[in-house]
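S.K.: Going by the numbering used here, the residue at position 421 of the sequence shown is 750; the numbering climbs one at a time, nothing skipped. For glycine and all other residues, C-beta sits at the position ideal for the given N, C-alpha and C. The model shown is predicted, which means the values in this text are computed figures rather than measured ones. Here's a structure for you.
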Amino acid sequence: MTKDLTSGSPLKVILLFTLPLVLGNLFQQFYALADTIIVGRYCGVSALASVGATGSVNYLILGFVIGMCNGFAIPIAQLFGAQDYHDLRRHVANAGWLCLAASAVLTVLTVAFTRPMLVLMQTPADILDGAAIYIGWIFAGIPFIFLYNMVAGIMRALGDSKTPLYFLLLTSALNIGLDLLFVIPLRMGILGAALATDVSQAISGVASLVYLCRKFEVLRMTSDEAKPCRRACVRLMGIGVPMGLQCSITAIGSVVVQCAVNVLGSAAVAAVTAASKTMNLLTIPLESIGTAMATYAGQNLGAARMDRVRQGVRSALGIAVLYALAALVILHFVDVAIMGLFLDTATEVEIVSMGRQYLFWNSAFFVPLGALIVWRYSIQGLGFSTLAMLAGVAEMVARSLVAVFLVPPLGYFGAELANPAAWVAACLFLYPAYRWTCRHLDNRLLAARMHLQSEQAEMN
């Protein structure tokens, strides 16, 4: 069930590892989009705006959860590459303990402060109640989000990017079925959509955990390996927390932009919601390449193969640039059709027009988006997640500046420039950060080899 990414053609290895991730992320998006599509089509534009108004705060919290879980998986990938299976099992167990504690704290805090957060964001009064109901119940499912993402991260760290896909296929179908049941015949509206997501996530998390325990022999640990270990927890937190914060810090900029868009009214919120969901579908391959690079870089660092890390980054950048250019062209022809999943494009002509403008200005900057994803995930895989967090700060600052200084005079057009500004700002930081990281690790590995040679010479 495991796969070694430290040998073979880097381009081929990355492509083969990425393809299941693309499919998995696509289904995960459909899993998340089911709420938006069904609510938008069967409950109206106001309900769509209610769900859409929670997008940034949703990413603020859930982005932290997913980022932390992905961060916990990086030391596991490095230990797998180094073939240190005893310490690997110890880190897996302690990742589980940390996720259990963090899920309890986050669930209580987010559910308690859901409505105050939405009020602080100036969510329009006509959609505030619906937004509070939806995101409150989504946050109630945080323990299961932790569970699935931690298990999926462990599987990917061990080189298995296919099994998480199979669970997503199953649970995506379940989520859509429950959405249709709760929203249409049972008429539960926004609440039904949120409950469908919670139930699906619970099934996904529990089923994937059972599979992990039964099928991955390398993870069958002793009672000593399963005990809490301070050293393992410190290492996991040292990578996981900055990665979680990086996602949340990035999301803070999105929250600031969302506040600015909220002031423009429900129509602007609905347009940004439909356009953002459409864009998310088109950027899935880029995010998948990034996820693959985190595991690839981690395993090859564990094997002391920085030459393969550099080759892999170059290959990933080539793939990302080619896809970004193709996506720009494709989006020109399919944007209205995809937005039609979320609203009635025949009647909501103004919202569709606003959505198309948003998509154009964002897709024009897909190349820097692809580059920042490859550099950021590679840096994370190499263990320097604090640098990736600082890139998130650059994104946050850029989005906030656009929201504060461009949206008031330019209106909706100013909001369209927020993401491109953030992506360019992150790239300006990440490229030199990646170069520095590689040089630093080269020196560290060289020093380790020289020390080993010195010890061997003394023994002889």
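Applying the 10 Å Cβ sphere with the 16-neighbour rule, what's the burial state of M779?
M.R.: exposed
S.K.: Looking only at C-alpha atoms, which of R637, I648 and L746 sits nearest to N691?
M.R.: Residue L746 is the option with its Cα nearest to N691.
S.K.: Do S577 and G392 have their CB atoms nearer than 8 Å?
M.R.: yes
S.K.: If we count the other Cβ atoms within 10 Å of its Cβ and call it buried at 16 or more, is A522 buried or exposed?
M.R.: When all chains shown are included, A522 counts as buried.
S.K.: Would A382 and I456 qualify as a contact pair, given that the criterion is a beta-carbon distance under 8 Å?
M.R.: yes
S.K.: Does the distance from the C-beta atom of L408 to that of D416 stay below 8 Å?
M.R.: yes
S.K.: Under 8 Å by Cβ, that's how I've got A555 and L611 pegged, so tell me the actual separation to the nearest angstrom.
M.R.: Actually they are not in contact, since the Cβ atoms of A555 and L611 sit about 42 Å apart, beyond 8 Å.
S.K.: Would you give the residue range spanned by the alpha helix (DSSP H) that K556 belongs to?
M.R.: Neither: K556 is in no alpha helix (DSSP H) and is coded neither H nor E.
S.K.: Quick check: what's the CA-CA separation for R728 versus F694?
M.R.: 15 Å
S.K.: Considering only the alpha carbon of each residue, which of L524, L565, L447 and V650 lies closest to H420?
M.R.: L565
S.K.: Report the rounded CA-to-CA distance for A666 versus R634, giving the unit in angstroms.
M.R.: 45 Å
S.K.: Pick out whichever of M683, T439 and I513 has its Cα sitting closest to the Cα of F468.
M.R.: T439
S.K.: Given this structure, state the Cα-to-Cα distance separating N591 from A597, to the nearest angstrom.
M.R.: 7 Å
S.K.: Touch check for the segment 700-707 and the segment 634-649: three-plus C-beta pairs under 8 Å?
M.R.: yes
S.K.: Is there contact between the segment 672-680 and the segment 723-738, where contact requires at least three CB pairs shorter than 8 Å?
M.R.: Flag = no, the segment 672-680 and the segment 723-738 do not touch.
S.K.: Report the option in I613, D508 and R559 whose CA atom is closest to the CA atom of G353.
M.R.: Minimum Cα-Cα distance from G353 among the listed residues I613, D508 and R559 corresponds to I613.
S.K.: Give the secondary structure of E546 by DSSP, where H, G and I count as helix, E and B as strand, and everything else as coil.
M.R.: In this structure, E546 counts as helix in the three-state DSSP scheme.
S.K.: Taking the alpha carbon of L698 as the reference point, which residue from T335, N609, R485 and L476 has its own alpha carbon closest?
M.R.: N609
S.K.: Specify the secondary structure class of I505 as computed by DSSP and reduced to three states.
M.R.: helix
S.K.: Helix, strand or coil for K606, going by three-state DSSP, please let me know.
M.R.: helix
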